[in-house]
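Numbering (this note's numbering), first residue to last: 19 to 169.
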C-alpha cells in the first residue's frame, strides 16, 4: 500500500520505456540506474520499504527520489552540481599546455620550464604553478616531455 502523501508516479509509454532502457544500459551510471529503478518500482505500486530492500537503499532515499522525479521528471534524477570552486582552466587550456610541453622548446633552450610555458600561453592568464599542476595531473615533466634530441 503506498504511503499517504507520497507523490503518485504516472508514467506514459515513452517515459517508462526511457527509464527501462536506462536501467538496462550497461554504460549508465550506477546511481542513475538505482534512481530509475526506484521510479519504476514506485510506478508499479511497491511500497517505499519494498523498493528500498529491492534497490539497496534506505526508505528516506527512496522517498527523496520519488519526490524529485514527481516534481522534475527524468532530468531531476541526475546529480545536482556539487559545491566547490569551478574549474578555471578548462580542457582547451589543458590541451594547449600539454601540446606546448610536448613540442620542441624555443630556439636556444634545451627544454621547457613552467615559466616558459606560462609565458607562451600568456593569452590564457595561466600561472607557472598552474602549469605545474596540469602537467602533474597528466604525469608529464617538462624535462622529459620535449621532443628535442637525445637524453
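Quick reminder that beta carbons are idealized off the backbone N, C-alpha and C, glycines included.
Only a predicted model underlies this, so the values are computations on that prediction, with no experimental measurement involved.
Boundaries (first-last residue) of the alpha helix (DSSP H) holding residue 117
Segment 109 to 119, the alpha helix (DSSP H) holding residue 117.
Could you pull out every residue in the same chain whose Cβ sits closer than 8 Å to the Cβ of residue 142, ignoring the five residues on either side in sequence?
Apart from sequence neighbours up to five positions away, the residues of its chain that approach residue 142 with a beta-carbon distance below 8 Å are 107, 111, 114, ordered along the chain.
Backbone CA spacing between residue 120 and residue 154 [nearest angstrom]:
Going from the Cα of residue 120 to the Cα of residue 154 covers about 14 Å.
Nonlocal neighbours in the same chain, by C-beta distance under 7 Å from residue 85, ignoring five residues either side
Excluding positions up to five away in sequence, the list reads 25.
Do you know whose CA, among 74, 58, 100, lies nearest residue 91's CA?
Measuring C-alpha to C-alpha distances from residue 91 to each of 74, 58, 100 identifies 58 as the nearest.
Assign residue 169 to buried or exposed, taking buried as 16 or more other Cβ atoms, counted over all protein chains shown, within 10 Å of its Cβ.
The predicted model places residue 169 with a pLDDT of 36, which falls under 50 and marks its position as unreliable; any figure quoted below should be read in that light. So residue 169 ends up on the exposed side.
Does residue 128 come out as helix, strand or coil in the three-state DSSP assignment?
The answer is coil: DSSP assigns residue 128 none of H, G, I, E or B.
Count the other CB atoms within 10 Å of the CB of residue 122; is the residue buried (16 or more) or exposed (fewer)?
An exposed status is given to residue 122, since fewer than 16 other beta-carbon atoms sit within 10 Å of its beta-carbon.
Indicate the three-state DSSP secondary structure (helix, strand or coil) for residue 158 in the structure shown.
Under the three-state reduction of DSSP, residue 158 is assigned to coil, being neither helix nor strand.
C-alpha distance - residue 101 paired with residue 79, whole-angstrom precision
Here the C-alpha atom of residue 101 lies approximately 20 Å from the C-alpha atom of residue 79.
What whole-angstrom Cβ distance do residue 81 and residue 97 have, given they're in contact under 8 Å?
Going by Cβ atoms, the distance from residue 81 to residue 97 rounds to 18 Å, so no, they are not a contact pair.
Selection from 37, 54, 127, 136 that minimises the alpha carbon distance to residue 117:
Nearest to residue 117 by alpha-carbon distance, out of 37, 54, 127, 136, is 136.
Quick check on DSSP: helix, strand or coil for residue 144?
Residue state, collapsed to three classes: coil.
Assumed close pair residue 52, residue 71 - CB separation to whole angstroms, cut-off 8 Å
A Cβ-Cβ distance of about 13 Å is found for the pair residue 52 and residue 71, leaving them out of contact under the 8 Å criterion.
Just to confirm, are residue 88 and residue 27 a CB contact at a threshold of 8 Å?
With contacts defined by Cβ atoms closer than 8 Å, residue 88 and residue 27 form a contacting pair.
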